[in-house]
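Remarks on the structure that follows.
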Amino acid sequence: MRKNRRILVGVTGGIAAYKSPDLVRRLAERGADVRVVMTEAACEFITPLTLQAVSGHPVHRHLLDTDAESGMGHIELARWAELIVIAPATANFIARMVGGKADDLLATLVLASGAEIAVAPAMNLQMWQNEATRKNLDRLRERGVRVIGPAEGGQACGETGPGRMSEPDQIAQELLGDATPKLLADAHVVLTAGPTWEAIDPVRGITNHSSGKMGFALAEAARDFGARVTLVSGPVHLEAPAGVTRIDVISARDMLEAVEAHVGDADLFIGVAAVSDYRPVRSEGSKIKKNDEKMELGLVRNPDILRTVAAMDNPPFTVGFAAETDRIDENAKSKLEDKRIDMIVANDVGGEDGAFGNDHNRATVHHPGGAIPLERHDKYGLSVRILEIAASLWRGESAGLTADPDAS
Ligand code: C5P
424 MRKNRRILVG VTGGIAAYKS PDLVRRLAER GADVRVVMTE AACEFITPLT
474 LQAVSGHPVH RHLLDTDAES GMGHIELARW AELIVIAPAT ANFIARMVGG
524 KADDLLATLV LASGAEIAVA PAMNLQMWQN EATRKNLDRL RERGVRVIGP
574 AEGGQACGET GPGRMSEPDQ IAQELLGDAT PKLLADAHVV LTAGPTWEAI
624 DPVRGITNHS SGKMGFALAE AARDFGARVT LVSGPVHLEA PAGVTRIDVI
674 SARDMLEAVE AHVGDADLFI GVAAVSDYRP VRSEGSKIKK NDEKMELGLV
724 RNPDILRTVA AMDNPPFTVG FAAETDRIDE NAKSKLEDKR IDMIVANDVG
774 GEDGAFGNDH NRATVHHPGG AIPLERHDKY GLSVRILEIA ASLWRGESAG
824 LTADPDAS
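Note that the sequence shown ends on residue 831 in our numbering; no numbers are left out.
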């Protein structure tokens with residue numbers, strides 16, 4: 424994958440500016456280095472601080488700003504960018520682009536840069552349908568500017584129709600989708616994610632802190648790598664990535680049943696779920712009353728889903744996760760051997776970078792041929808690296824594996 428693509432996101436003054444931080448995040452999680460330029464009107468809708476936080480860099484706003492010019496000045500910024508995407512692009516900004524104006528920082532950058540340019544228009548449907556806007560966009564297209572969207576649907580002004588800015592995920596996909604190698608084209612990837620819930624009675628149960636974020640990020644990355652993805656998820660508050668088949672389950676036994684129903688033609692199986700090792704001997708049909716001072720809860724072992732899949736006659740390439748608090752790599756290696764799986768991702772669930780619920784994580788991948796440390800990434804970035812390794816090993820290309828290029 425081509426990493427660190429230098430993208431400048433220009434935000435102009437429309438209500439859809441509230442989606443711009445999400446766009447910045449999605450471009451960054453696909454490996455882009457993102458800088459943001461806002462027009463004055465954009466700052467009426469969203470604060471520069473928000474965009475600074477998601478991009479990790481100060482936001483550029485003024486054309487003649489001595490502080491900024493002594494740092495990365497406007498000409499430098501114009502040269503730095505490989506791609507400029509204006510999202511949202513208002514009707515007014517589009518008209519200014521057509522006129523070749525250089526009356527604020529963003530317009531100047533567009534004029535001064537040799538970068539590829541894309542616009543994601545967002546405006547009221549009458550403005551969108553107006554001949555002036557249509558002609559302006561034709562002029563931009565003639566000059567090689569890429570126009571993404573707009574989408575149809577309800578608008579902030581109460582009307583329904585074309586003019587809404589395309590969703591950030593779609594814009595990011597259109598801009599960088601081509602950059603994602605289809606390492607898993609035609610492969611079927613089955614994943615488990617999230618916690619399980621083992622009922623004690625109708626209102627109580629045994630569960631854990633797994634958020635499901637890592638499994639969902641892996642499902643999204645596997646989809647971007649061209650795989651058909653089946654995601655078997657325990658109870659989580661996450662939306663499945665578009666195009667992924669999601670199967671919701673509650674208990675470990677439900678999870679095993681769903682996995683067994685879908686893993687038959689799988690090429691890769693990735694067990695990310697934090698499966699409860701034990702469940703109550705029996706689940707009471709009605710709420711247990713607190714009659715006694717003491718109460719004993721009998722537990723029995725749950726099936727090990729990953730081990731079961733790895734022991735199948737013709738198993739897929741199996742990947743496990745080892746969430747540990749101590750002797751992380753040692754425990755992961757013995758799990759790799761004990762469960763007879765092909766690869767295991769070891770991560771630390773203790774400390775400030777703990778895996779559970781966090782958006783960032785670091786990990787080490789162990790496979791029979793060695794260990795590959797992965798630098799701290801957000802969970803999508805980490806997923807991309809995990810899948811790159813899994814795809815190579817699955818195809819029997821272990822010789823080319825080296826440490827994460829980002830690892831220091
Ligand atoms: O043995 P341990 O729970 O530490 O192993 C973790 C790995 O095994 C994870 O990949 C997890 O999804 C999987 N697992 C499983 N079924 C279980 C327990 C763990 O699939 N009952």
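The beta carbon of each residue, even a glycine, is placed where N, CA and C say it ideally should be.
Worksheet item: Which term fits Ile571, buried or exposed, when burial requires 16 or more other beta carbons within 10 angstroms of its beta carbon?
Response: buried
Discussion item. Comparing C-alpha positions only, which one of Arg705, Leu759, Asp690 and Gly628 sits nearest to Arg730?
Written reply: Leu759
Worksheet item: Rounded C-beta distance between Val613 and Val508? I'm assuming under 8 Å.
Response: The Cβ separation is near 35 Å, so there is no contact.
Fill in: Residues near Arg869 in its chain [Cβ-Cβ closer than 7 Å; skip 5 each side]
Any answer about residue 869 is impossible in this case: the structure gives the chain only from 424 up to 831.
Discussion item. Check this for me: beta carbons of Lys762 and Met637, under 8 Å apart or not?
Written reply: Result no, Cβ atoms of Lys762 and Met637 do not sit closer than 8 Å.
Practice prompt. Please report the residue range of the alpha helix (DSSP H) in which Tyr803 lies.
Written response: Looking at the DSSP string, the run of the alpha helix (DSSP H) that includes Tyr803 is Lys802 to Trp817.
Item to complete: Note down the Cα distance separating Val434 from Val652, rounded to an integer number of angstroms.
Response: 34 Å
Worksheet item: Do you know whose CA, among His485, Leu486 and Ala451, lies nearest Gly479's CA?
Response: Ala451
Fill in: CB contact flag (Gly617, Ala696, <8 Å)
yes
Practice prompt. Assign Leu534 to one of three DSSP states: helix, strand, or coil.
Written response: helix
Worksheet item: With a CB to CB cut of under 6 Å and the five nearest residues on each side skipped, what residues in its chain are close to Asp690?
Response: Ala610, His611 and Pro739
Worksheet item: Which partner residues does Glu505 have in the DSSP bridge list?
Response: Glu505 is not bridged to any residue.
Worksheet item: Roughly how many angstroms lie between the CA atoms of Leu560 and Ala543, to the nearest whole one?
Response: 11 Å
Worksheet item: Residue ranges of each alpha helix (DSSP H) run of no fewer than 4 residues wholly in the region 723-765, ordered along the chain?
Response: 728-733 and 751-761
Worksheet item: How would you call Thr513, buried or exposed, if buried means at least 16 neighbouring beta carbons within 10 angstroms?
Response: buried
Fill in: Residues near Arg449 by beta carbon distance below 7 Å, same chain, minus five either side
Cβ neighbours of Arg449 beyond the five flanking positions: Pro591, Asp592 and Ala595.
Worksheet item: Any idea if Asp715 is buried or exposed, counting beta-carbon neighbours within 10 angstroms, 16 or more meaning buried?
Response: exposed
Worksheet item: So what's Met424 in DSSP terms, helix, strand or just coil?
Response: Note that Met424 scores a pLDDT of 43, beneath 50, so its modelled location is shaky; the value from the coordinates is reported in the next line. In this structure, Met424 counts as coil in the three-state DSSP scheme.
Worksheet item: With Asn725 and Val704 assumed to form a contact (beta carbons below 8 Å), what rounded beta-carbon distance in angstroms separates them?
Response: Contact doesn't hold; Cβ gap of about 12 Å is too wide.
Worksheet item: Any heavy atom of ligand 1 closer than 7 Å to the Cβ of Asp488?
Response: no
Worksheet item: Using a threshold of 7 Å, is the CB atom of Lys758 nearer than that to any non-hydrogen atom of ligand 1?
Response: At least one heavy atom of ligand 1 is nearer than 7 Å to the Cβ of Lys758, so yes.
Item to complete: Provide the residue span of the alpha helix (DSSP H) that contains Glu565, from first to last.
Response: That run of the alpha helix (DSSP H) goes Glu554 to Glu565.
Worksheet item: His789 by DSSP, collapsed to three states: which one?
Response: strand
Worksheet item: Do Asp771 and Ile795 come within 8 Å of each other at the CB atom, strictly closer than that value?
Response: no
Worksheet item: Quick one, are the C-beta atoms of Ser589 and Ala608 less than 8 Å apart?
Response: No.
Worksheet item: Can you tell me whether DSSP reads Lys588 as helix, strand or coil?
Response: The displayed chain sequence assigns Met, not Lys, to residue 588. Reduced to three states, the DSSP call for Met588 is coil.
Discussion item. Report the CB separation of Ala465 from Ala440 in whole angstroms; it is logged as a contact under 8 Å.
Written reply: 5 Å
Fill in: Residues sharing a beta bridge with Glu621, DSSP
Ile629
Item to complete: Using only the heavy atoms of ligand 1, determine whether one of them is closer than 7 Å to the beta carbon of Phe692.
Response: no
Discussion item. Would Ala769 and Thr748 qualify as a contact pair, given that the criterion is a beta-carbon distance under 8 Å?
Written reply: Between Ala769 and Thr748, the CB-CB gap reaches or exceeds 8 Å.
Item to complete: Assign Ala813 to one of two classes, buried (16 or more other C-beta atoms within 10 Å of its C-beta) or exposed (fewer than that).
Response: buried
Worksheet item: According to DSSP, what are the bridge partners of Leu654?
Response: As computed with DSSP, Leu654 is found in a beta bridge with Leu614 and Arg669.
Fill in: N-terminal and C-terminal residue of the alpha helix (DSSP H) that Glu683 is part of
Where Glu683 is concerned, the enclosing alpha helix (DSSP H) stretches over Ala675 to His685.
Item to complete: State yes or no: is the C-beta of Glu381 within less than 8 Å of the C-beta of Ala675?
Response: Outside the displayed range of the chain (424 to 831) lies residue 381, so it cannot be described from this structure.
Worksheet item: Which runs of the beta strand (DSSP E), 3 residues or longer, sit entirely within the region 441-490?
Response: Counting only runs of at least 3 residues, the region 441-490 fully encloses the following beta strand (DSSP E) elements, listed from N- to C-terminal order: 456-461.
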